[in-house]
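The structure under discussion appears below in the form of structure tokens.
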Amino acid sequence: MASVADEASPCTEIKFCVNSCSSTNVLQIDCVTTIMIGGLKEDLRNYCNIPAEHQVWTYNNQTLSDERTLKSYGITDESNIMIQISERRF
Numbered sequence: 001m002a003s004v005a006d007e008a009s010p011c012t013e014i015k016f017c018v019n020s021c022s023s024t025n026v027l028q029i030d031c032v033t034t035i036m037i038g039g040l041k042e043d044l045r046n047y048c049n050i051p052a053e054h055q056v057w058t059y060n061n062q063t064l065s066d067e068r069t070l071k072s073y074g075i076t077d078e079s080n081i082m083i084q085i086s087e088r089r090f
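In the UniProt record's numbering, the protein residues as written are 1 to 90.
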């Protein structure tokens with residue numbers, strides 16, 4: 001996956017474990033911790049073809065809000081984020 005970064009903030013490596021009913025994939029990306037969760041969901045959608053509204057992200061047993069940043073949850077280098085893919089059909 002392409003890096004999601006800007007010049008003002010240092011990059012950090014985050015591991016995403018993506019679970020769906022059919023498979024589990026682990027992605028490691030470099031990104032800034034000041035990026036909004038909602039923006040990262042869109043990036044993941046573009047990379048894995050998983051709609052943002054089907055993604056539920058958790059870290060330390062807490063569901064992550066689209067309006068907050070990784071940094072606001074204390075997510076740092078080499079943190080692991082679990083992403084559950086819902087089975088909602090539209």
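Positions of the beta carbon are idealized from the N, C-alpha and C atoms, including for glycine.
Exercise. Among S79, E13, I14, N19, which has the Cα closest to the Cα of I50?
Worked result: Position 50 of the sequence shown, counted from the first residue, corresponds to residue 50. Among S79, E13, I14, N19, the Cα nearest to that of I50 is on N19.
Exercise. Between which two residues does the alpha helix (DSSP H) containing N46 stretch?
Worked result: To locate residue 46, count along the sequence shown from 1; it is residue 46. N46 -> alpha helix (DSSP H) spans 37–48.
Exercise. Taking just the CA atoms, how far does G39 sit from P15?
Worked result: Working through the sequence shown from its first residue, we reach residue 15 at position 15. Working through the sequence shown from its first residue, we reach residue 39 at position 39. In the sequence under discussion, the amino acid at residue 15 is Lys, which differs from the Pro named in the question. Whole-angstrom Cα-Cα distance: 16 Å.
For this session: Use the C-beta contact count for Q28: other C-beta atoms within 10 angstroms, 16 or more gives buried, fewer gives exposed.
Result: Working through the sequence shown from its first residue, we reach residue 28 at position 28. Q28 comes out exposed.
Exercise. According to the Cβ coordinates, are I37 and R68 closer than 8 Å?
Worked result: For the purposes of this step, residue 37 is identified with residue 37 of the sequence shown, where counting begins at 1. For the purposes of this step, residue 68 is identified with residue 68 of the sequence shown, where counting begins at 1. Their beta carbons are under 8 Å apart, which means I37 touches R68 by this criterion.
Exercise. Do Q55 and K41 have their C-beta atoms within less than 8 Å of each other?
Worked result: As a first step, residue 55 is located in the sequence shown; it is residue number 55 there, counting from the start. As a first step, residue 41 is located in the sequence shown; it is residue number 41 there, counting from the start. Yes, the Cβ-Cβ distance between Q55 and K41 is below 8 Å.
Problem set entry | K71 to T12 span [Cα, whole Å] | Position 71 of the sequence shown, counted from the start, is the residue given in the question as residue 71. Position 12 of the sequence shown, counted from the start, is the residue given in the question as residue 12. Straight-line Cα distance between these residues: approximately 11 Å.
Problem set entry | DSSP three-state assignment for E13, whether helix, strand or coil | Position 13 of the sequence shown holds residue 13. The DSSP-derived three-state label of E13 is strand.
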